[in-house]
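Enquirer: Here you go, one structure.
In the numbering used here, the protein residues as written are 815 to 975.
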């Protein structure tokens with residue numbers, strides 16, 4: 815989860831203060847992109863798209879070279895020091911096969927996450943997939959819909975921390 819903060823306090827002529835301080839949080843995981851840069855970067859084909867558009871890593875083919883991690887603008891693939899391979903969110907593929915939600919959806923205390931058919935989710939929530947701190951969505955076309963918090967800034971905006 816990334817925290818984005820910004821705004822300031824301004825002293826008015828009468829000595830009182832006006833504030834525009836804000837903070838919002840963005841849940842970051844693999845976005846199972848339509849055009850995943852991690853997949854293109856993998857030299858062995860260990861990173862692949864499987865059923866439902868899930869981007870997965872096959873441990874038996876992964877050599878742990880970290881090319882997928884360097885290519886992913888979201889930082890989703892992580893090196894697992896124990897196995898010597900890359901790992902990342904697989905959308906809880908086994909749960910999806912059973913008709914269940916990914917565990918992050920079911921365990922989110924604010925019920926802020928949903929999973930399902932991206933077309934239906936976009937119809938319900940809109941097409942926005944780029945806010946700060948995320949990269950521009952045109953890079954990988956993430957399968958992500960964001961209902962922006964009222965202070966959300968456009969992707970690439972450097973005015974927030």
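In this text, a Cβ means the ideal position worked out from N, Cα and C, and glycines have one as well.
(1) Indicate whether the contact test is met: 3 or more Cβ pairs, each with one atom in the segment 945-957 and one in the segment 835-850, closer than 8 Å.
(2) For residue 899, which three-state DSSP category applies?
(3) If you reduce the DSSP assignment to three classes, tell me which class residue 820 lands in.
(4) From the DSSP secondary-structure annotation, give me the bridge partner or partners of residue 893.
(5) Quick one: what does DSSP say residue 932 is sitting in, helix, strand or coil?
(6) Quick check: what's the CA-CA separation for residue 896 versus residue 834?
(7) Going straight from the alpha carbon of residue 899 to that of residue 883, what length do you get?
(8) Rounded to the nearest angstrom, how far is the Cβ of residue 847 from that of residue 933, given a contact under 8 Å?
(9) Kindly indicate which three-state DSSP category residue 938 falls into: helix, strand or coil?
(10) Between residue 818 and the rest of its own chain, which residues show a CB-CB distance below 6 Å, the 5 nearest in sequence each way excluded?
(11) Is residue 871 closer than 8 Å to residue 905 when the C-beta atoms are compared?
(12) Look up residue 888 in the DSSP assignment and say whether it is helix, strand or coil.
(13) Measure the alpha-carbon distance for residue 939 versus residue 829 and round it to whole angstroms.
Expert: In short, the structure shows the following:
(1) Three or more beta-carbon pairs drawn from the segment 945-957 and the segment 835-850 are found closer than 8 Å, and the two stretches are therefore classed as touching.
(2) The sequence position of residue 899 within the chain shown is 85, counting from 1. In the three-state scheme derived from DSSP, where H, G and I count as helix and E and B as strand, residue 899 is classed as strand.
(3) As a first step, residue 820 is located in the chain shown; it is residue number 6 there, counting from the start. Strand.
(4) Here residue 893 is taken as the residue at index 79 of the chain shown, counted from 1. Per DSSP, 900.
(5) Walking along the chain shown from the start, residue 932 turns up at place 118. Under the three-state reduction of DSSP, residue 932 is assigned to helix.
(6) Here residue 896 corresponds to residue number 82 of the chain shown, with the count starting at 1. Here residue 834 corresponds to residue number 20 of the chain shown, with the count starting at 1. Rounded to the nearest whole angstrom, the CA to CA distance from residue 896 to residue 834 is 45 Å.
(7) The count along the chain shown starts at 1 and reaches residue 899 at position 85. The count along the chain shown starts at 1 and reaches residue 883 at position 69. Distance between the alpha carbons of residue 899 and residue 883: 11 Å.
(8) Residue numbering aside, residue 847 sits at position 33 when the chain shown is read from its first letter. Residue numbering aside, residue 933 sits at position 119 when the chain shown is read from its first letter. Actually they are not in contact, since the Cβ atoms of residue 847 and residue 933 sit about 15 Å apart, beyond 8 Å.
(9) One-based indexing of the chain shown puts residue 938 at position 124. It is helical.
(10) Translated into positions along the chain shown, residue 818 becomes position 4. 838, 946, 947 and 974.
(11) The residue labelled residue 905 in the question sits at position 91 within the chain shown. The residue labelled residue 871 in the question sits at position 57 within the chain shown. For residue 905 and residue 871, no; Cβs fall outside 8 Å.
(12) Within the chain shown, numbered from 1, the residue matching residue 888 stands at position 74. Here residue 888 sits in coil by DSSP.
(13) Taking the chain shown and counting its residues from 1, one reaches residue 939 at position 125. Taking the chain shown and counting its residues from 1, one reaches residue 829 at position 15. Going by the C-alpha atoms only, they are around 42 Å apart.
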